[in-house]
Each structure stands twice: as structure tokens, then as C-alpha cells.
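313 is the number of the first residue of the sequence shown in the numbering used here; add one for each residue after it. Cβ coordinates follow ideal geometry from the N, Cα and C atoms, glycine included.
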Amino acid sequence: MRTVPQLPPLLALRAFEATARLLSFSLAAQELFVTQSAVSHQVQKLEADLGVALFERRARTVGLTMAGQAYYAKVHAAFELLRQGTSEARAPFTRLTTVTVGLLASFATRWLAPRLQSFHSAHPNIDLQLQPEIALADVCGGEVDVAIRYGRGGWPDVHAQQLIPERLSVVCAPALLAGANRPRQPQDLLRYPLLTSRSRQPFEWDTWANRFSVDLRNARTVQLHDYNIVVEAALAGQGIAMGRHHLISLQLASGALVQALPDMVLDEPRIGWWLVTPKAGMSKAASAFCAWLTETARQGVLTRKH
């Protein structure tokens, strides 16, 4: 009789699948209703069981190794089959409706995730699936039901409604402002690395520089994979970042990040976070999420104004 290979514990597989899908131990913990340390422990147990590293851990962000990517493709497919079978087996009145949301990991982690409990409480029959990607998710083609994008609008073939106008200013760790070398005028920024995140259409530093007539052509830039990593690098004193105030409000309030040039704040009305939906219409569940998101964003903007 052929021996069937023993499978890893289901808890470890769930922790790995959620972390790999969301590229965040924190978001995985919220989805699974456990602590972040519990998710990390389960993933470490799985890596020890398999004898391979599944994740590359960078500060507070993670990425999949080649082995992790290959394993995730199999595990994710298996869990999708389980989710589909479970959904079909449920009684109609308890069946969950899935809504997939494409967005940046930074917005998911720093703005959306802390507010999701109110959505789950109001809509327990909607299974919200967040798909953090730098590439723009295809709303028209059905890759996701809705998307949250950062920019100035103007995307073709979709409806785009601004949720939150963003405020931008250059920020850094307080240690960079200590002593005589602190930046006192815009050109002083050339003494520091400028931290940027990958983007299909980068515009933040150029727009800020144009607004305040600053020549940054000779600036030393450091391009990082994701805005979460930009924030972590700025907190560690590794350079100057363009601060998106809605995402770093806690760090600004605590003083962990400070404005290097507080008089040079960019408030351009069209720069911000946008809700992107298909022109062909949406399901009732997707519409419910959009209504909740729009109202939550509106309340947040009103609170900041007061």
C-alpha cells in the first residue's frame, strides 16, 4: 500500500494562504481573527515542516520567495475549491456573497483594515476579499468587483469617484532634523535620499517640486517596492519621504514622523484616493460595500476638518 504524505496542520496552511494572498501578517491576522504573532508562529511552523523559507521578511513587510510563490499557487487553488464548495453547501439564507477589492497594500493596511469591523458587523453575509497589488486591477474585465486607486483620476472605461483628497508634504524621522544640517529650504533636500514607491505613473515628487519651484533633477532617489516600505524606511531615518497624510496620521500625531518643510504642503484637489467601479454596474453586495466605503470616507474627512 502506497503511503500518503502527511499534510501540514490546517491552521498553518490557513495562516500561510492568508498571509501570502494579502502580503501582510497584520491583515492575515485580522481576516483570521487571531493575533499577528499567532499567524507568524503558524507560518514559521509550516516553514520548519517543509524545510524551506516561504517568505522574505523586510522590516514590517513580507514578500514570497520563489518556493513560497510556487507553494501558494497550489494552496490558494485548494482553498478556493474549499471556499466554493462550502458556499454551495450552505443554506441560501446563510450563503456568503464575495466582493473582491483591488487596492494598494498601504491603503489596505493603514486606512481600510482598522475600519473593516464596522462593515463586517453591518454586512455579515458579505465575504470581503482584499487583493493588494501595485498593478491596477482590471475592474472592467471582472478581475475585481471594485478598486481603490491612488492618483488624480482619469482612468479610462470605468467610473471613478474621489473618496479622500490627499495632503502631501515631505516627512522624515526627527533625528534627520537635528543639528545644523537640517533642511531649511527646498534645495537642502538634495543632501538626503528621497524615498519613493513603485508606481505605474509616479507624480508625487514632480508635482510637489513644480508647485514650490524646486529643482530635484539631481536628487538621489531610492525606489522601494511599496509605500509601506517607504514609511518604514522614513521611520528608520533612511531618507525623506513624501508623506500621504491620511496614511501616516498616527505617525505624525505621535511625532515618529515630522514635516521637514512644514510650510510647503501640497493640497491639490484631484490628488487622492478614488473608488473605481465598472460602467456595467455591480452586484448588490459590491454596491453595499461602495456605499459603506463612501460614507466612512466622508465621515473621516469631516472629522479631520473639525
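Using the DSSP secondary-structure output, state which residues sit across from residue i in a beta bridge.
i: residue 462; result: 585
i: residue 649; result: Outside the shown range of the chain (313 to 618) lies residue 649, about which nothing can therefore be said.
i: residue 474; result: 586
i: residue 556; result: 480
i: residue 509; result: 536
i: residue 570; result: 484
i: residue 578; result: 480
i: residue 415; result: 444
Around the Cβ of residue i, are there at least 16 other Cβ atoms within 10 angstroms (buried) or fewer (exposed)?
i: residue 369; result: exposed
i: residue 424; result: buried
i: residue 496; result: exposed
i: residue 493; result: exposed
i: residue 397; result: exposed
i: residue 556; result: buried
i: residue 530; result: exposed
i: residue 333; result: buried
i: residue 341; result: buried
i: residue 449; result: buried
i: residue 509; result: buried
i: residue 354; result: buried
i: residue 463; result: buried
i: residue 390; result: exposed
i: residue 593; result: exposed
i: residue 563; result: buried
i: residue 589; result: buried
i: residue 581; result: exposed
i: residue 478; result: buried
i: residue 324; result: buried
i: residue 347; result: exposed
i: residue 481; result: buried
i: residue 400; result: exposed
i: residue 349; result: exposed
i: residue 444; result: buried
Between which two residues does the beta strand (DSSP E) harbouring residue i extend?
i: residue 481; result: 480-484
i: residue 564; result: No beta strand (DSSP E) contains residue 564, which is instead part of the alpha helix (DSSP H) from 561-566.
i: residue 595; result: It is not in any beta strand (DSSP E) - residue 595 carries neither H nor E in the DSSP assignment.
If you draw a straight line from the C-alpha of residue i to the C-alpha of residue j, how long is it?
i: residue 313; j: residue 432; result: Confidence is the limiting factor: at residue 313 the pLDDT is only 49, short of 50, which leaves the residue's position unreliable, though a coordinate-based value still follows. Looking at the two C-alpha atoms, the distance is approximately 48 Å.
i: residue 457; j: residue 549; result: 39 Å
i: residue 586; j: residue 538; result: 18 Å
i: residue 453; j: residue 490; result: 51 Å
i: residue 619; j: residue 441; result: Here the chain comprises residues numbered 313 to 618, so residue 619 is not present and cannot be evaluated.
i: residue 559; j: residue 542; result: 12 Å
i: residue 502; j: residue 486; result: 18 Å
i: residue 475; j: residue 466; result: 14 Å
i: residue 553; j: residue 499; result: 15 Å
i: residue 411; j: residue 569; result: 35 Å
i: residue 352; j: residue 359; result: 11 Å
i: residue 584; j: residue 451; result: 19 Å
i: residue 343; j: residue 380; result: 20 Å
i: residue 408; j: residue 561; result: 34 Å
i: residue 608; j: residue 513; result: 27 Å
i: residue 527; j: residue 521; result: 7 Å
i: residue 430; j: residue 532; result: 43 Å
i: residue 326; j: residue 385; result: 13 Å
i: residue 534; j: residue 507; result: 5 Å
i: residue 446; j: residue 422; result: 15 Å
i: residue 565; j: residue 460; result: 25 Å
i: residue 318; j: residue 376; result: 24 Å
i: residue 339; j: residue 515; result: 28 Å
i: residue 576; j: residue 603; result: 34 Å
i: residue 345; j: residue 551; result: 35 Å
i: residue 618; j: residue 540; result: Any reading at residue 618 is ruled out, since the residue's pLDDT is 41, under 50, leaving its predicted position unreliable.
i: residue 374; j: residue 525; result: 37 Å
i: residue 335; j: residue 428; result: 18 Å
i: residue 596; j: residue 435; result: 11 Å
i: residue 619; j: residue 420; result: Past the boundaries of the shown model lies residue 619; the chain is included only from 313 to 618, so the question cannot be answered.
i: residue 438; j: residue 574; result: 43 Å
i: residue 518; j: residue 393; result: 46 Å
For the alpha helix (DSSP H) containing residue i, name the first residue and the last one.
i: residue 421; result: No alpha helix (DSSP H) holds residue 421; DSSP gives it neither H nor E.
i: residue 523; result: 516-523
i: residue 543; result: 539-547
i: residue 434; result: 428-434
Any heavy atom of the ligand GDP closer than 6 Å to the CB of residue i?
i: residue 537; result: With respect to small molecules bound, the structure shown includes none, and the ligand GDP cannot be examined in it.
Taking 7 Å as the threshold (beta carbon to beta carbon), is residue i in contact with chain D?
i: residue 506; result: Checking the listed chains, one finds no chain D in this structure; it contains a single protein chain.
- Minimum length 3: unbroken beta strand (DSSP E) runs contained in the stretch 317-382: 367-370 and 373-376
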